[in-house]
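Asks: The numbering of the sequence shown is the numbering used here, which starts it at 1 and goes up by one.
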Amino acid sequence: MSGANNGPTGGFWHTPLGVGVLTAILGAVITAAITPVIANSQGIFKNSDAVQPSVFASLSQAPAPVAPVSSSPRSPSPVSSHPTAPAPTLHARDYVLTEGLETDGLVRDSIPKNSPESQDSDAKFAACLGVPIAQVQTHAIDSADGPDLKSADELTYVNSHADVLPPAEVTRDRTVFGLAQAARCVGLLFFPMFQKEISGNGWSATLDSTHSMSAPAGATIAVRIAVTITAANGNYIPCTFDNIFIMSGRVETWIRVSQLNGTPDPILEQNLALQVAGKAARQ
């Protein structure tokens with residue numbers, strides 16, 4: 001689409017922020033493709049396609065029974081003569097979303113992306129959840145971004161990010177993102193950055209909703225963020241950002257599907273999630 005540099009920024013962009021559990025999700029997302037959509041609109045768009053929040057399973061679990069201690073003497077456990085083989089080296093690039101049958105209809109977006117930083121994202125996320133910061137900080141062994149993809153009409157954008165982490169941190173993050181308030185906290189951290197990015201040229205935005213949604217098969221969890229942008233000419237356009245997480249073994253992959261003037265195609269999201277879930281299963 002022509003005029004790619006007429007909007008607040010040059011294209012949809014995502015950003016890894018800090019080194020925490022929000023490494024791949026936080027950051028603003030905006031595109032110059034919004035400009036022609038708003039300019040060509042004849043009124044106010046409305047986004048009425050809402051997904052009801054899914055109900056997370058309770059995190060409270062009964063403690064495992066403790067086996068009684070035997071009073072009889074026990075022989076020492078034999079020492080294995082075969083040392084445990086080290087875990088194979090994993091590369092994050094093997095777990096991002098890549099072009100294939102699942103991305104049919106999408107093409108690469110070559111517009112450069114901005115990458116603002118938020119060094120205190122971990123602290124803000126922990127404060128919102130009401131947990132110590134140590135419970136959200138992660139220590140990525142390797143990280144990679146997938147290719148940025150878009151639809152021919154430039155209304156759908158897809159990007160992904162993968163981290164290789166210690167297994168205990170992946171398990172912990174599954175619990176953290178399972179907290180009922182996690183989706184709200186993600187939205188509250190995402191929106192101010194988004195709003196700041198589009199504030200140039202007289203644009204503004206409102207946060208319509210942020211909630212957990214039914215995760216596609218193969219995914220661990222999904223968060224939907226809906227915003228409405230108001231252009232300088234007074235026209236509105238809704239934008240929906242679906243953030244899909246696959247957390248398995250030593251890998252966490254995040255897929256963001258961004259949709260202008262509507263909500264993402266659930267069939268597309270299912271296909272994308274299954275591609276990454278298949279890769280995660282082969283660690």
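Even glycine gets a Cβ: it sits at the ideal position worked out from N, Cα and C. This one's a predicted model, so the numbers in the text were calculated from it and none came from an experiment.
How would you write the range of the alpha helix (DSSP H) that residue 171 sits in, first residue to last?
Replies: Run containing residue 171: 167-176, per the alpha helix (DSSP H) assignment.
Asks: What residue does the alpha helix (DSSP H) around residue 271 start on, and which one ends it?
Replies: First-last of the alpha helix (DSSP H) with residue 271: 266-280.
Asks: Whose C-beta lies closer than 7 Å to the C-beta of residue 164 among residues of the same chain, with five residues either side of it excluded?
Replies: Within the same chain, residue 164 has close Cβ partners 90, 92, 140, 141, 142, 250 and 251.
Asks: Could you check the C-alpha separation between residue 254 and residue 231 for me, to the nearest Å?
Replies: So the two alpha carbons sit approximately 30 Å from each other.
Asks: Taking the C-alpha atoms as reference points, what is the distance between residue 203 and residue 108?
Replies: Distance between the alpha carbons of residue 203 and residue 108 is about 27 Å.
Asks: By the DSSP assignment, the alpha helix (DSSP H) with residue 223 in it spans what residues?
Replies: Looking at the DSSP string, residue 223 is not in any alpha helix (DSSP H); the run it does join, the beta strand (DSSP E), is 221-230.
Asks: Quick one: give me the first and last residue of the beta strand (DSSP E) that residue 208 is part of.
Replies: That run of the beta strand (DSSP E) goes 204-213.
Asks: How would you write the range of the alpha helix (DSSP H) that residue 88 sits in, first residue to last?
Replies: Note, residue 88: premise wrong, no alpha helix (DSSP H); not H, not E.
Asks: Counting beta carbon pairs with one atom in the stretch 259-276 and one in the stretch 211-227, are three or more of them shorter than 8 Å?
Replies: Cβ pair count under 8 Å is three or more, so yes.
Asks: How big is the Cα-Cα spacing for residue 282 and residue 96?
Replies: Going from the Cα of residue 282 to the Cα of residue 96 covers about 13 Å.
Asks: Is it the case that the Cβ atoms of residue 133 and residue 144 are separated by a distance below 8 Å?
Replies: Not closer than 8 Å, so no.
Asks: Looking at residue 210: is its Cβ nearer than 8 Å to the Cβ of residue 173?
Replies: Against a cut-off of 8 Å, the Cβ pair of residue 173 and residue 210 comes out as no contact.
Asks: Can you name the start and end residues of the alpha helix (DSSP H) that residue 198 belongs to?
Replies: Its alpha helix (DSSP H) spans residues 182-198.
Asks: Look up residue 240 in the DSSP assignment and give the residues it is bridged to.
Replies: According to DSSP, which records beta bridges pairwise, residue 240 is partnered with 226 and 259.
Asks: Between which two residues does the alpha helix (DSSP H) carrying residue 129 extend?
Replies: 121-129 is the span of the alpha helix (DSSP H), which, as asked, contains residue 129.
Asks: Tell me which same chain residues have a C-beta within less than 7 Å of the C-beta of residue 267, skipping the five on either side of it?
Replies: Contacts found: none.
Asks: Hey, residue 239 and residue 258 are a contact pair by Cβ (cut 8 Å); roughly how many whole angstroms apart?
Replies: Correct: roughly 7 Å between the Cβ atoms.
Asks: With a cut-off of 8 Å on the beta carbons, I'd call residue 176 and residue 135 a contact; round off their distance for me.
Replies: Correct: roughly 7 Å between the Cβ atoms.
Asks: For residue 84, does the three-state DSSP call read helix, strand or coil?
Replies: Here residue 84 sits in coil by DSSP.
Asks: Can you list, in chain order, the residues of its chain with a C-beta nearer than 6 Å to that of residue 102? Leave out the 5 residues immediately preceding and following it.
Replies: Here the set comprises 271, 272 and 275.
Asks: Should residue 174 be flagged as near chain C, meaning a C-beta pair shorter than 8 Å?
Replies: Judged by its chain identifiers, the structure shown contains no chain C, having just a single protein chain.
Asks: Which residues in the same chain as residue 131 place their Cβ atom closer than 8 Å to its Cβ, once the five residues preceding and following it in sequence are excluded?
Replies: Correct list, in chain order: 176.
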